[in-house]
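This report concerns only the one structure given below.
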Amino acid sequence: MNTGLVMETYKRWPVEFVSGQGCTLVDVEGRNYLDLIGGLAVMSVGHGHPDVTKAIADQAGRLAHVSNLYVTGPQRELSERLGQLTGGFESFFCNSGAEAIECTIKLARKATGKPGVIAADGGFHGRTMGALSVTGQPLKQEPFKPLLPGVIHIPYDDVASLEEAMSDKVGAVLLEPIQGEAGVRVPSEDYFELVRKICDEAGALLCVDEIQTGLGRTGSWFAYEHSGITPDVICVAKALAGGLPIGACLARPEIADAFQPGDHASTFGGGPIQCAAALAVLDVIEEEGLLQKAIDGGARFTEGLRSVFGDKGTVRGRGLLIGVEFEQDCARPLVQAALDRGVLVNDATPRVLRLAPPLVISDEEIDSGLEALEEAWDEIGAA
Ligand SMILES: *Cc1c(COP(=O)(O)O)cnc(C)c1O
């Protein structure tokens, strides 16, 4: 596989894609694939959605960039739309998930005056130095030490360790509502309610990383909504602009007020093309009823996966963010066997298969995906 002169930081599958439509991708040889991972939870409205494509093309022809020294309509409008979805949170726009986390770390320090951050083992928040410091995966961190001081990692879904780790030096608790990269780990029903209480008592901000779970993936706009809490800061990115680079740190206005001109910036952050794309994505989610489709599609997929894997795999998740955990390290061979059958899935960990298909996926596509996974499962013989 020719990967050009790109640095080898990715373990790539030997496929080169050239186009896509809905849940279907086409490679250089003209072969079709069913995409059940959607660019890692990015392509929620599907590939090549006409409304998003048109919004991007129109905005590119009108105005591509003016810098953040001036106002543009798409950025203002997107901040207002995200404000409507969050009960008035204010936005800082950047270009990726990791940058939304960086902004969160800086904002929490400035707003609370306390530099400490508590995050969870297994959590994933990105690869820049700050985001890597809060990511709870020692193997990813080790070669790049020293990292940001003052970060404490605790077991996920464990209230007692959070209580123990909390101190007057901690300004932020940063958690994913469902841990994606750790293998689609769903916490206990009351976990976030209890975390909220501990943060309030300590005067620490509760920051949720919704980069993978947000914007409809789990059947609600944000996954934190399932736990009935209101966070202080919300990070979004992946699915927001239909494949264009964007990230946002959303914060309650009283917290956002801590930032003053000069405190934080990004040249491309909130650019008109990305914001126009994001507005189109949010429209599509509403117009096509994609929150409900995530719930219904998720139920069909989950049920189907349970019958394919039986008691050999534990199926979990919410909406269309689904993981299947096996007792052996069979996720990667399974991904390979599925790829051979023209179906894209992902191995979140060596023993967890992850699915995050476009929310527009049809029942027929779900069923054909299940069929291919069943064949793949039979082929690898892990059953
Ligand atoms: C993907 C991801 C990130 C990092 O986003 P990038 O855009 O790759 O920097 C952070 N947190 C979570 C939960 C993610 O899934």
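Per the working numbering, residue 1 is the first one in the sequence shown, and the count goes up by one each step.
No residue lacks a Cβ here, since even glycine has one placed at the ideal position from N, Cα and C.
Only a predicted model underlies this, so the values are computations on that prediction, with no experimental measurement involved.
- Gly381 has its alpha-carbon roughly 47 Å from the corresponding atom of Thr86.
- Proximity of the segment 191–208 to the segment 220–239 meets the contact definition, three or more beta-carbon pairs being nearer than 8 Å.
- Counting along the chain, Cys199 sits inside the alpha helix (DSSP H) bounded by residues Tyr191 to Ala202.
- With respect to the C-alpha of Leu148, the residue from Gly39, Gly22, Val134 and Gly298 having the closest C-alpha is Val134.
- Ala331 has its Cβ no nearer than 7 Å to any heavy atom of ligand 1.
- Here Asp157 carries a coil assignment [DSSP, helix/strand/coil].
- Counted as a single uninterrupted DSSP element, the stretch harbouring Cys275 is not any beta strand (DSSP E) but the alpha helix (DSSP H) occupying residues Pro272 to Glu287.
- DSSP places Ile234 in the strand class (E or B) of the three-state scheme.
- Looking at the backbone, the Cα of Ala160 and that of Glu379 are separated by about 44 Å.
- Nearest in C-alpha terms to Gly46, of all of Val281, Gly319, Ser220 and Glu375, is Val281.
- Collapsing the DSSP output to three states places Arg351 in coil.
- With a cutoff of 8 Å on beta-carbon distance, Val352 and Lys293 are scored as not near each other.
- Across the structure, Pro272 and Val52 are spaced so that their CA atoms are roughly 13 Å apart.
- Ala237 has its Cβ nearer than 7 Å to a heavy atom of ligand 1.
- Distance from Leu290 to Leu34 at the Cβ level is roughly 18 Å; contact not present, criterion being Cβ atoms closer than 8 Å.
- Counting C-beta atoms within 10 angstroms of its own C-beta, Pro138 has fewer than 16 neighbours from the protein chains shown and is therefore classed as exposed.
- Taken through DSSP and simplified to helix, strand or coil, Leu359 comes out as coil.
- Here Leu25 carries a strand assignment [DSSP, helix/strand/coil].
- For the pair of segments examined, the segment 318–328 was found to touch the segment 291–310: the number of CB pairs separated by less than 8 Å reaches three.
- Counting only runs of 3+ residues, the beta strand (DSSP E) found wholly inside the segment 53–136 occupies 90–94 and 116–120, in chain order.
- Linking Val324 to Thr314 through their CA atoms gives a straight-line distance of about 5 Å.
- C-alpha of Ala277 to C-alpha of Leu63: approximately 13 Å in a straight line.
- Relative to ligand 1, Glu176 has its C-beta within less than 7 Å of a heavy atom.
- A distance criterion of 7 Å places the beta-carbon of Ala98 in contact range of ligand 1, judged by its closest non-hydrogen atom.
- With 16 or more other CB atoms across the displayed protein chains lying within 10 angstroms of its CB, Lys114 is buried.
- In the structure shown, Ile366 adopts helical secondary structure according to DSSP, grouped into three states.
- In the DSSP annotation of this structure, the continuous segment of the alpha helix (DSSP H) that includes Arg300 starts and ends at Leu290 to Phe309.
- Between Val173 and Ile118 the beta-carbon gap is near 5 Å, inside 8 Å, which marks them as a contact.
- Following the DSSP letters along the chain, one finds Asp209 inside the beta strand (DSSP E) bounded by residues Leu205 to Asp209.
- In the DSSP assignment, Gln179 forms a beta bridge with Arg185.
- With a cutoff of 7 Å, Phe93 does not count as near ligand 1, since its C-beta is closer than that to no heavy atom of the ligand.
- Each of Leu355, Ala337, Leu40 and Pro358 was checked against the Cα of Ala372, and the nearest Cα belongs to Ala337.
- Look at the beta carbons and you see the segment 302–310 not touching the segment 101–112: under three pairs across the two are nearer than 8 Å.
- Annotation: the continuous beta strand (DSSP E) that includes Gly323 extends over Leu321 to Phe326.
- In this structure, DSSP gives Phe259 a state outside helix and strand, which the three-state scheme calls coil.
- Ranked by how close their Cα comes to the Cα of Ala60, the residues Pro357, Glu163, Ala258 and Leu244 have Leu244 in first place.
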